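Undergrad: According to the UniProt record's numbering, the sequence shown is numbered sequentially starting from 1. Built from N, CA and C at the ideal position, the CB exists for glycine as well. Nothing here was measured: the structure is a model prediction, and the numbers come from that model. Have a look at the structure that comes next, please.
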Amino acid sequence: MMNEGVRPTDEQWAAIETNDKTYNERFLYGVHSTKICCKPSCPSRLPHREKVCIFHSLEEAMAQGFRPCKRCRPENVILPNDEWVALINAFLETHYMYDVTLDKLAARFHGSKFHLSRIYKEMTGETLTQHITQLRLTEAKRLLNNTTLRIHEIAARVGFHSSAYFVAVFKQYEQQTPKQYQLKARNKR
Ligand SMILES: [Zn+2]
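Shown next, in the form of structure tokens:
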């Protein structure tokens, strides 16, 4: 059976074409005709795009019969867990208001959902869901304090699907409803 593997996206292909080393920790690529696996920054001759497949780890590539390139040595690309978590956190800071799911994070940061959850919890002491919720609630409180936005508007703005869900989560973390929080904040002024 011929396994074509995962084809490069335009972004990945551009990184390969320009030997962009900032992509080295994001993916590796294999060349079907040579069965060699490289980092995006590899200075070797540019392969044909149709012959390229994308891997998220050298183990994955080797499991499919690829060998690490002697020139760019992809076996030396292992992003330490703390840097990985820092990348994820930086992404969440600017994306918590969108529909960030574990599936999407796993795809973006190249790990299985299970691995991602486990490492994240190990390194930070909280789950990804807790962290996302904290980011959302921090911004919600800021908006409750400083704006005249309605509860449903704030819910939508910080990434909750419904205001009922927002109220429930808020209550769980803050032991009061958003409305109560807002009233207290106003009375303090
Ligand atoms: Zn190489």
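Near V6, which residues of its chain fall below 7 Å by C-beta distance, leaving aside the five closest residues on each side in sequence?
TA: Walking along the sequence shown from the start, residue 6 turns up at place 6. Cβ neighbours of V6 beyond the five flanking positions: C53, I54.
Undergrad: Less than 8 Å between the CB of P74 and some heavy atom of ligand 1, yes or no?
TA: Residue 74 sits at position 74 when you count from the first residue of the sequence shown. At least one heavy atom of ligand 1 is nearer than 8 Å to the Cβ of P74, so yes.
Undergrad: Pull up the distance between the alpha-carbon of L128 and that of H152, whole angstroms please.
TA: Position 128 of the sequence shown, counted from the first residue, corresponds to residue 128. Position 152 of the sequence shown, counted from the first residue, corresponds to residue 152. Their backbone Cα atoms lie some 24 Å apart in a straight line.
Undergrad: Report yes or no: do the segment 110 to 124 and the segment 154 to 173 share at least 3 C-beta pairs separated by less than 8 Å?
TA: These segments do not touch.
Undergrad: Scan the segment 35 to 107 and note each continuous alpha helix (DSSP H) run of 4 residues or more that stays entirely inside, going in chain order.
TA: The qualifying runs are 58 to 63, 81 to 95.
Undergrad: Quick check: what's the CA-CA separation for R71 versus P40?
TA: Numbered from its first residue, the sequence shown carries residue 71 at position 71. Numbered from its first residue, the sequence shown carries residue 40 at position 40. In a straight line, the C-alpha of R71 is about 12 Å away from that of P40.
Undergrad: Do you know how far the Cα of A15 is from the Cα of Y23?
TA: Counting from one through the sequence shown, the residue named residue 23 turns up at place 23. Counting from one through the sequence shown, the residue named residue 15 turns up at place 15. So the two alpha carbons sit approximately 7 Å from each other.
Undergrad: R67 and I36: beta carbons closer than 9 Å?
TA: Here the question's residue 67 lines up with position 67 in the sequence shown. Here the question's residue 36 lines up with position 36 in the sequence shown. Their beta carbons are under 9 Å apart, which means R67 touches I36 by this criterion.
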